[in-house]
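>
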Amino acid sequence: MLNRVLDYARAHRDEYLKDLLEYLAIPSVSAQPDHARDVKMAALWLSEHLRDAGLRAEVMATAGHPVVYAEWSGHDHHRPTVLIYGHYDVQPAEPFELWHSEPFRPVVRDGYIYARGADDNKGQHLAHVKAVVSYLRAEGTLPVNVKFLIEGEEEIGSPNLSAFIAAHRELLACDCVMISDGALFSPTQPVLTYGLRGLAGFEVQVHCLDRDVHSGHYGGNVQNPAFALAQVLSSLKDAQGRVTVPGFYDDVRVLSAEERAVLARVPYGEADVMRETGASQAFGEPEFTVNERKGARPTLEVNGMWSGYTGPGSKTIIPATAHAKITCRLVPNQDAEKVINLVQDAMRAAAPAGAEVTFSDARGTPASLVSLDAPEIQAAARAAAATYGNPPFYELEGGSIPVVHDFQTLLGKPIALLGFGLPDDNIHSPNERFAVACYEKGIEASIRFMAEL
Ligand SMILES: [Zn+2]
1045 MLNRVLDYAR AHRDEYLKDL LEYLAIPSVS AQPDHARDVK MAALWLSEHL RDAGLRAEVM
1105 ATAGHPVVYA EWSGHDHHRP TVLIYGHYDV QPAEPFELWH SEPFRPVVRD GYIYARGADD
1165 NKGQHLAHVK AVVSYLRAEG TLPVNVKFLI EGEEEIGSPN LSAFIAAHRE LLACDCVMIS
1225 DGALFSPTQP VLTYGLRGLA GFEVQVHCLD RDVHSGHYGG NVQNPAFALA QVLSSLKDAQ
1285 GRVTVPGFYD DVRVLSAEER AVLARVPYGE ADVMRETGAS QAFGEPEFTV NERKGARPTL
1345 EVNGMWSGYT GPGSKTIIPA TAHAKITCRL VPNQDAEKVI NLVQDAMRAA APAGAEVTFS
1405 DARGTPASLV SLDAPEIQAA ARAAAATYGN PPFYELEGGS IPVVHDFQTL LGKPIALLGF
1465 GLPDDNIHSP NERFAVACYE KGIEASIRFM AEL
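For the sequence shown, the numbering used here assigns the number 1045 to the initial residue and increments by one for each residue that follows.
#1: The alpha helix (DSSP H) that contains ALA1087, what's its start and end?
#2: How would you call HIS1119, buried or exposed, if buried means at least 16 neighbouring beta carbons within 10 angstroms?
#3: What's the gap between the Cα of ALA1301 and the Cα of ARG1309?
#4: Less than 8 Å between the beta carbons of GLY1328 and ARG1337, yes or no?
#5: How about ILE1384: is its Cβ closer than 7 Å to a heavy atom in ligand 1?
#6: Hey, how far is the Cα of GLU1197 from the Cα of THR1106?
#7: Closest to SER1074 by C-alpha separation, out of GLY1108, ASN1470, THR1431, would be which residue?
#8: Taking only the alpha-carbon atoms, compute the straight-line gap between ARG1240 and ALA1411 and give it to the nearest angstrom.
#9: Can you grab the Cα-Cα spacing for the pair VAL1188 / ARG1123, in whole Å?
#10: Report the three-state DSSP secondary structure of PHE1229 (helix, strand or coil).
#11: Would the beta-carbon of GLN1135 be found less than 7 Å away from any heavy atom of ligand 1?
#12: Is GLU1441 buried or exposed, if buried means 16 or more other CB atoms sit within 10 Å of its CB?
#13: Just to confirm the assignment: which complete alpha helix (DSSP H) runs, minimum length 4, are found wholly within the region 1421-1478?
#14: Between the Cα of PRO1330 and the Cα atoms of ASN1385, GLY1285, ARG1297, TYR1353, which residue gives the shortest distance?
#15: Does the beta-carbon distance from ASP1254 to ALA1364 come in below 8 Å?
#16: Within 8 Å, do at least three Cβ pairs link the region 1466-1478 to the region 1136-1154?
#17: Quick check: the Cα distance between PRO1110 and GLU1439, rounded to an integer number of angstroms?
#18: With hydrogens ignored, establish whether the beta-carbon of HIS1169 is closer than 7 Å to any heavy atom of ligand 1.
#19: Would a C-beta distance cut-off of 8 Å place ILE1157 and PHE1478 closer than the cut-off?
#20: At a cut-off of 7 Å, is HIS1472 close to ligand 1 when judged by its beta-carbon and the heavy atoms of the ligand?
#21: Name the DSSP bridge partner or partners of CYS1220?
#22: Starting from the C-beta of GLU1314, find all residues in its chain whose C-beta is less than 7 Å away, skip the five residues before and the five after it, and write them out in chain order.
#23: Quick one: what's got a C-beta closer than 6 Å to ILE1200's C-beta in the same chain, skipping five residues either side?
#24: Is the region 1145-1156 touching the region 1125-1133 in the sense that three or more CB pairs, one from each, lie closer than 8 Å?
#25: Helix, strand or coil: which one does DSSP assign to ASN1165?
#26: In this structure, how does DSSP classify GLY1260 when only helix, strand and coil are distinguished?
#27: For VAL1248, does the three-state DSSP call read helix, strand or coil?
#28: For the beta strand (DSSP E) that LYS1369 lies in, which residues bound it at each end?
#29: Are the region 1162-1180 and the region 1052-1059 in contact at 8 Å, needing three or more beta carbon pairs?
#30: Inspect the CB distances between the region 1398-1409 and the region 1267-1277 and report whether three or more fall short of 8 Å.
#31: Output yes or no for whether 8 Å exceeds the beta carbon distance between ASN1377 and ARG1492.
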């Protein structure tokens, strides 16, 4: 059955490509009110496409842009059910003048499909749809039950998705979730992401004076809040980049030798960080590798700071206040509220005399971690190995995808994060692209994943 379905997909590659180009021509920019109709059009296009393929599909309202939901289930209730998540909305295409072809007139050039949304995320989730189409047309059945949840607000932070998942837990019940919204390491090297960092952040204000005052009249007799803030911030880290806040690392998972070996397989190191960022040297906890620091260690960073006069020329004042925005990337087992409290306590304790430290805008989302031993993850690994010719790298992602945490807490099932794009596909940038070969391999990987499952 597997080979017949793969053959069917290969024989229909031109048709599958044509459908993706049609889908990409709909400018479903979720951030721009002018495109609200187009966003709806994309949802309708996708739901009709799923219905034509033989699934039960509907466009479901949320407080914002709608969700496309579809399902197919056979008569055998022992089959596992996979929930496939994706998003049909896209980033704004501006600045238009930097595109070599129009963002919503998709073209194929040198083996790449150029269009906004080609990689992120229409091409990637349509690959899963085409895998299902191939099964149903070639065999009239699927080896698993399939559900699709394709949202229209990912690019604006999924403001209504948690509530949607919470309200439809029964509808979305499944044995595992598959998300393809990322990249391969290279065209022949797949990656399974098994963890994502969380985020905790707040703003700090240091207050010393009623108002900005004359630096001649009062200099030498009052505390300067910019200095006080600098003192407070520098107390949070040592010279090698370790966070010195008491208790900060208490809940951090200790990496086993086995997991360190898994992470060490990924050929990404200090030279890559320097090349990608322009940094003259890598900087971080010396006892951990770049891959370990990226996903398995928490961070504490200053995202912005301001105080006093920053316009042209000079203004001889002592500023009244100083401010900074702080965020921590969290790793599994850390609690956002606890981390925020620890950091704020340390900052209060480090404040010099005459400086009042206050905080605002605290918020957080926890990290997620998937067990590599879950049979569904192993099925995804075998499917990826057979499709791309190499067993996947396992990576911890440094960034955060809040929806992954929602899926984990609300559905409680393993989540396979297997990207079909390439790192240089220009997502969110001008000239976004998706290799035709990546689309076809994505379809193949999805077909194999369902068979393995
Ligand atoms: Zn995106």
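Even glycine gets a Cβ: it sits at the ideal position worked out from N, Cα and C.
According to the structure data:
#1: Numbered from its first residue, the sequence shown carries residue 1087 at position 43. Start and end: 1080-1096.
#2: The count along the sequence shown starts at 1 and reaches residue 1119 at position 75. Looking at its Cβ environment, which holds fewer than 16 other Cβ atoms inside 10 Å, HIS1119 is exposed.
#3: As a first step, residue 1301 must be located in the sequence shown, where it is residue number 257. As a first step, residue 1309 must be located in the sequence shown, where it is residue number 265. Using only the alpha carbons, I get a separation of about 13 Å.
#4: Counting from 1 along the sequence shown, the entry for residue 1328 is found at position 284. Counting from 1 along the sequence shown, the entry for residue 1337 is found at position 293. Yes, they are a contact pair.
#5: On the sequence shown, position 340 is the one that residue 1384 refers to. ILE1384: no, Cβ never under 7 Å from ligand 1.
#6: Residue numbering aside, residue 1197 sits at position 153 when the sequence shown is read from its first letter. Residue numbering aside, residue 1106 sits at position 62 when the sequence shown is read from its first letter. In a straight line, the C-alpha of GLU1197 is about 10 Å away from that of THR1106.
#7: As a working note, residue 1074 is residue 30 in the sequence shown. Selected option, being the one with the closest Cα: GLY1108.
#8: Sequence index remark: in the sequence shown, residue 1240 carries index 196 (1-based). Sequence index remark: in the sequence shown, residue 1411 carries index 367 (1-based). In the sequence as presented, Arg is not what sits at residue 1240; that position holds Leu. Approximately 6 Å between the Cα atoms of the pair.
#9: Start at 1 with the first residue of the sequence shown, and residue 1188 comes out as number 144. Start at 1 with the first residue of the sequence shown, and residue 1123 comes out as number 79. Those two C-alpha atoms are separated by around 5 Å.
#10: Locating residue 1229 in the sequence shown gives position 185, counting from the first residue. Coil, per DSSP.
#11: Residue numbering aside, residue 1135 sits at position 91 when the sequence shown is read from its first letter. GLN1135 Cβ: within cutoff of ligand 1.
#12: Sequence index remark: in the sequence shown, residue 1441 carries index 397 (1-based). Under this definition GLU1441 is a buried residue.
#13: 1446-1455
#14: The sequence position of residue 1330 within the sequence shown is 286, counting from 1. The option with the nearest alpha carbon to PRO1330 is GLY1285.
#15: In the sequence shown, the residue the question calls residue 1254 occupies position 210. In the sequence shown, the residue the question calls residue 1364 occupies position 320. Yes, Cβ-Cβ distance for ASP1254 and ALA1364 is below 8 Å.
#16: yes
#17: As a working mapping, residue 1110 is identified with position 66 in the sequence shown. As a working mapping, residue 1439 is identified with position 395 in the sequence shown. The straight-line gap from Cα to Cα measures roughly 32 Å.
#18: On the sequence shown, position 125 is the one that residue 1169 refers to. No, since every heavy atom of ligand 1 falls outside the 7 Å radius drawn around the Cβ of HIS1169.
#19: Your numbering for residue 1157 matches position 113 in the sequence shown. Your numbering for residue 1478 matches position 434 in the sequence shown. Yes, Cβ-Cβ distance for ILE1157 and PHE1478 is below 8 Å.
#20: Residue 1472 sits at position 428 when you count from the first residue of the sequence shown. Indeed, a heavy atom of ligand 1 lies less than 7 Å from the Cβ.
#21: Numbered from 1 along the sequence shown, position 176 holds the residue referred to as residue 1220. Paired residue(s): VAL1126.
#22: Here residue 1314 is taken as the residue at index 270 of the sequence shown, counted from 1. Cβ neighbours of GLU1314 beyond the five flanking positions: ALA1326, VAL1334.
#23: As a position in the sequence shown, residue 1200 is number 156, starting the count at 1. Excluding sequence neighbours, ILE1200 sits near SER1074, ALA1075.
#24: no
#25: By 1-based counting over the sequence shown, the position of residue 1165 is 121. DSSP places ASN1165 in helix when its eight states are reduced to three.
#26: Taking the sequence shown and counting its residues from 1, one reaches residue 1260 at position 216. Here GLY1260 sits in helix by DSSP.
#27: One-based indexing of the sequence shown puts residue 1248 at position 204. Of the three classes helix, strand and coil, the one that applies to VAL1248 here is strand, per DSSP.
#28: One-based indexing of the sequence shown puts residue 1369 at position 325. Note, LYS1369: beta strand (DSSP E), 1365-1374.
#29: yes
#30: yes
#31: Locating residue 1377 in the sequence shown gives position 333, counting from the first residue. Locating residue 1492 in the sequence shown gives position 448, counting from the first residue. The answer is no: Cβ separation not under 8 Å.
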